[in-house]
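Working notes for the structure below.
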Ligand code: FO1
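Residue numbers (the numbering used here): 101 to 553.
Structure below.
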């Protein structure tokens with residue numbers, strides 16, 4: 101049974117008598133997906149067939165070929181798993197809100213179910229669909245353990261303010277997942293296989309950011325990675341997670357971003373692990389409290405993607421220091437080409453460009469140095485976001501927006517002592533890194549011939 105608190109209605113129409121449609125967007129997986137489970141349940145309750153639609157936006161928040169490639173490969177796997185369960189997947193290109201509404205009207209759909217995202221463009225798609233759809237329209241938070249709208253009714257200040265709210269609800273939401281119910285599917289519902297190459301040709305993305313070759317996309321790869329981490333990485337997580345050379349991070353963030361992995365499943369599995377309590381707690385803090393705090397920030401702060409969203413104390417303090425002398429100052433293109441004076445920063449940027457991944461600890465250093473070496477704090481915010489969304493496989497995710505807002509804008513942090521350029525924003529430097537890990541080793545693993553370390 102699906103906990104009704106995970107679902108909410110986005111329009112006032114009643115359930116109709118036509119087929120049920122799951123409009124898949126963010127949670128691109130077959131297993132451990134509350135939105136798909138709810139759609140199966142609705143189909144059975146109403147005695148109607150079920151189909152899944154993915155609406156393809158040919159450009160989406162600066163996504164590049166790298167992102168679409170990763171997404172398409174994951175969706176191909178979803179198509180196969182759905183087909184094995186007798187559920188067709190259809191991809192439709194166009195403005196998503198309009199496209200799903202026209203399709204559902206034409207089909208005579210009785211119910212449309214979608215998954216949840218706090219991001220503005222996706223909310224715009226859904227607002228359009230809520231106005232245009234001829235039938236009941238439900239949203240299911242399949243991404244968070246505690247549904248974002250249940251966790252808190254407002255923007256939270258920090259981890260310490262959201263943690264007790266999440267902890268109070270944790271036990272009722274941190275459950276196992278049932279298998280998707282078998283759904284009655286008449287022959288009339290058969291749909292042609294998706295022509296993936298044709299859709300790949302429609303994408304209006306930057307082709308110069310090429311796909312990554314050493315990270316396999318999809319639900320199966322995500323589960324393998326989780327299993328490997330639980331068996332071999334988790335035990336060292338608490339002591340090694342801030343060491344980018346230690347290799348004991350989960351590596352799940354691209355999979356979580358595209359919904360190939362469920363955070364709830366990962367947290368549940370981690371809670372069963374026999375690894376040290378400290379490591380389990382530390383991993384669960386990241387995947388549960390910090391991740392859901394990021395969702396809360398994007399859901400309740402419409403300026404999550406700009407300098408305007410940061411707290412007043414941080415804005416005032418940064419503006420007081422806007423005219424401070426910068427020892428180094430770079431333009432976006434110099435950052436992009438990893439052409440700073442700092443081999444550690446350049447190595448982090450090269451890892452991002454080449455692998456689509458930047459270690460969590462280095463991501464903070466990387467963003468804070470962009471603040472230190474940019475003409476203004478607002479331009480630093482924009483440059484960090486641009487680079488992150490252009491290269492990171494987990495770009496344009498609430499975690500990314502909030503991470504940059506934390507590093508550059510003090511979001512969810514507190515004021516520190518005042519210093520040049522940073523004002524009261526927490527400072528980080530290379531000697532702090534050297535106390536935590538072997539910096540030359542990190543640089544050696546990500547340096548290139550143009551920027552010898
Ligand atoms: N979701 C969609 O429903 N349609 C898309 O065309 C689409 C493209 C896309 C490209 C890059 C990327 O990182 C994510 C993309 N998503 C797409 C997924 C999605 O909507 C986002 O991951 C979430 O909204 C983030 O909260």
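For glycine and all other residues, C-beta sits at the position ideal for the given N, C-alpha and C.
Here the structure is a predicted model, which is why all the values come from computation and not from measurement.
With H, G and I counted as helix, E and B as strand and the rest as coil, what does DSSP make of residue 422? Reading the chain shown from its first residue, position 322 is the one you call residue 422. Under the three-state reduction of DSSP output, residue 422 falls in the coil class, being neither helix nor strand.
Given that a residue counts as buried once 16 or more other Cβ atoms are within 10 Å of its Cβ, and exposed if not, what is residue 159? Against the chain shown, residue 159 aligns to sequence position 59. Burial call: exposed.
Using C-beta distances below 8 angstroms, list every residue in its chain close to residue 553, excluding the 5 sequence neighbours before and after it, in chain order. By one-based count along the chain shown, residue 553 stands at place 453. Summary for residue 553: the model assigns pLDDT 46, below 50, so the residue's position carries little reliability, and this model does not support an answer.
Can you tell me the Cα-Cα spacing of residue 186 and residue 283, whole angstroms? Here residue 186 corresponds to residue number 86 of the chain shown, with the count starting at 1. Here residue 283 corresponds to residue number 183 of the chain shown, with the count starting at 1. Approximately 8 angstroms between the Cα atoms of the pair.
Three-state class that DSSP yields for residue 193 in the structure shown: Counting from one through the chain shown, the residue named residue 193 turns up at place 93. Three-state DSSP puts residue 193 in a strand.
Using a 10 Å radius around the Cβ and a threshold of 16 neighbouring Cβ atoms, would you call residue 101 buried or exposed? Counted from its first residue, the chain shown places residue 101 at position 1. Looking at its Cβ environment, which holds fewer than 16 other Cβ atoms inside 10 Å, residue 101 is exposed.
Rounding to the nearest angstrom, what Cα-Cα distance links residue 550 and residue 360 in this structure? In the chain shown, residue 550 corresponds to position 450, counting from 1. In the chain shown, residue 360 corresponds to position 260, counting from 1. Any reading at residue 550 needs caution, since the residue's pLDDT is 47, under 50, leaving its predicted position unreliable; the model's value is listed next. For the pair residue 550 and residue 360, the Cα-to-Cα distance works out to about 35 angstroms.
Does the distance from the CB of residue 383 to the CB of residue 315 come in under 8 angstroms? Counted from its first residue, the chain shown places residue 383 at position 283. Counted from its first residue, the chain shown places residue 315 at position 215. In terms of Cβ geometry, residue 383 and residue 315 do not form a close pair [threshold 8 angstroms].
Is residue 306 close to the ligand FO1? I mean its beta-carbon at under 7 angstroms from any heavy atom of the ligand. Taking the first residue of the chain shown as position 1, residue 306 is located at position 206. False, no ligand heavy atom lies under 7 angstroms from that Cβ.
CB of residue 357 to nearest heavy atom of the ligand FO1: below 7 angstroms? Mapped onto the chain shown, residue 357 falls at position 257. Relative to the ligand FO1, residue 357 has its C-beta within less than 7 angstroms of a heavy atom.
What does a CB cutoff of less than 6 angstroms around residue 351 pick up in its chain, not counting 5 residues either side in sequence? One-based indexing of the chain shown puts residue 351 at position 251. Here the set comprises 325.
Under the three-state reduction of DSSP, which class applies to residue 236: helix, strand or coil? The sequence position of residue 236 within the chain shown is 136, counting from 1. Note: residue 236 maps to strand in three-state DSSP.
Among 211, 157 and 192, which has the Cα closest to the Cα of residue 149? To locate residue 149, count along the chain shown from 1; it is residue 49. Nearest to residue 149 by C-alpha distance, out of 211, 157 and 192, is 211.
For residue 156: DSSP bridge partner residues: Here the question's residue 156 lines up with position 56 in the chain shown. DSSP lists 193 as the bridge partner or partners of residue 156.
By Cβ distance, which residues of its chain are closer than 6 angstroms to residue 496, with the 5 residues on each side in sequence left out? Taking the chain shown and counting its residues from 1, the one referred to as residue 496 is at position 396. So the list reads 161 and 489, once near-sequence residues are dropped.
Bridge partners of residue 146, per DSSP? The sequence position of residue 146 within the chain shown is 46, counting from 1. DSSP lists no partner for residue 146.
Separation of residue 292 from residue 499, as counted between CA atoms: To locate residue 499, count along the chain shown from 1; it is residue 399. To locate residue 292, count along the chain shown from 1; it is residue 192. So the two alpha carbons sit approximately 36 angstroms from each other.
Using DSSP bridges, identify the partner residues of residue 523. Residue numbering aside, residue 523 sits at position 423 when the chain shown is read from its first letter. Beta-bridge pairing links residue 523 to 519.
Residue 503 burial status per 10 Å Cβ neighbour count (16 or more: buried): As a position in the chain shown, residue 503 is number 403, starting the count at 1. It counts as buried.
From residue 178 to residue 169, what distance separates their C-alpha atoms? In the chain shown, residue 178 corresponds to position 78, counting from 1. In the chain shown, residue 169 corresponds to position 69, counting from 1. Near 14 angstroms, if we compare the C-alpha coordinates of residue 169 and residue 178.
Does the distance between the C-beta of residue 202 and the nearest non-hydrogen atom of the ligand FO1 fall short of 7 angstroms? Here the question's residue 202 lines up with position 102 in the chain shown. With a threshold of 7 angstroms, the Cβ atom of residue 202 does not count as near the ligand FO1, since no heavy atom of the ligand is closer than that.
Straight-line Cα distance separating residue 484 from residue 289: For the purposes of this step, residue 289 is identified with residue 189 of the chain shown, where counting begins at 1. For the purposes of this step, residue 484 is identified with residue 384 of the chain shown, where counting begins at 1. Cα-Cα distance, rounded: 46 angstroms.
Beta-carbon of residue 444 versus every beta-carbon of chain D: anything under 8 angstroms? Here chain D cannot be found, since the structure has a single protein chain.
Residue burial classification, residue 491 (beta-carbon count within 10 angstroms, cutoff 16): As a position in the chain shown, residue 491 is number 391, starting the count at 1. Burial call: buried.
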